[in-house]
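Using the numbering used here, the letters of the sequence shown map in sequence onto residues 230 to 430.
Report on the following structure.
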Amino acid sequence: MNLYATKGAINARLVPVVDRLAAQGVSPDALTLAAIPVSVVGGLCLLASVAAPAALLLVPACVVLRLVLNLLDGNMARRTGRIHPRGELYNELGDRVADLALLLPVAVLPGALPALVVAGVICALLASYVGVVARAAGAERIYRGVLSKPGRMVLLVACSLWAFVATPAPETAWAAFGVLLCLGAVATLAERIVVAIRTLP
């Protein structure tokens, strides 16, 4: 399963938006970094949902906006020729911070299994690390895996909506989130390690 397979088609649809933003002087780096506060807001909505369940409905919006910003920045950098090494640093670091901001708050929600959530986040970070290191070592950047970034976001959105529908007892949704995140992240990490070993000399 590779949700990145649809990236090219989505990027093509975003070209008019990219051109409009570029004409207004928006930089690719600004789009990259904007995903961080958007993700922080999403994490705060998760925390606020304990007292105000309706806040869960804002989580999918934050997730979608985060992913769209992630697509727009690279698309704009390529179309405007503003690709530079620092931009790659912002992209990779921003993705890791955004993941932490969106995923870690689940650990303190009612019904969540904190150890599994934290373990899942750690494995997701390690999977991203393997993908980046493989590229640094001479292979292509590895994105594949059932819980690559899009997969993690789909899981978060699904459980957020499940928890909202299950109000006032959303515990089952967050318990399932921890299990699925951990299993999926471990599988993704293992797959990327295998791919990296087979690819690198």
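Note that the Cβ used here is the ideal one computed from N, Cα and C, for glycine as well.
Taking the CA atoms as reference points, residue 276 sits about 46 angstroms from residue 430. When rounded, the separation of the alpha-carbon atoms in residue 415 and residue 312 is 32 angstroms. Only exposed fits residue 367, as fewer than 16 other CB atoms lie within 10 angstroms of its CB.
By the 16-neighbour rule on beta-carbons within 10 angstroms, residue 310 is exposed.
Between the stretch 287 to 302 and the stretch 343 to 362, the count of C-beta pairs closer than 8 angstroms stays below three; the two stretches do not touch. Excluding sequence positions up to five before and after residue 340, its CB lies within less than 7 angstroms of the CB of 399, 400, 401, 403 and 404, all in the same chain and listed in chain order. Between residue 390 and residue 410, the CB-CB gap reaches or exceeds 8 angstroms. Around the CB of residue 342, 16 or more other CB atoms lie within 10 Å, so the residue is classed as buried.
Separation of the CB atoms of residue 353 and residue 268 is rounded to 14 angstroms, and the pair is thereby denied contact status at 8 angstroms. A Cβ-Cβ separation of about 5 angstroms places residue 407 in contact with residue 346 under the 8 angstroms criterion. A direct Cα-Cα distance of roughly 21 angstroms separates residue 308 from residue 294. Counted as a single uninterrupted DSSP element, the alpha helix (DSSP H) harbouring residue 250 occupies residues 244 to 252. By the neighbour-count definition (other C-beta atoms within 10 Å, threshold 16), residue 418 is a buried residue.
Rounded to the nearest whole angstrom, the C-alpha separation of residue 386 and residue 255 is 28 angstroms.
The C-beta distance from residue 257 to residue 306 rounds to 4 angstroms, short enough to fall under 8 angstroms.
Counting only runs of 4+ residues, the alpha helix (DSSP H) found wholly inside the stretch 295 to 369 occupies 314 to 332 and 343 to 365, in chain order. Secondary structure note for residue 371: it is in no alpha helix (DSSP H), with a DSSP letter that is neither H nor E.
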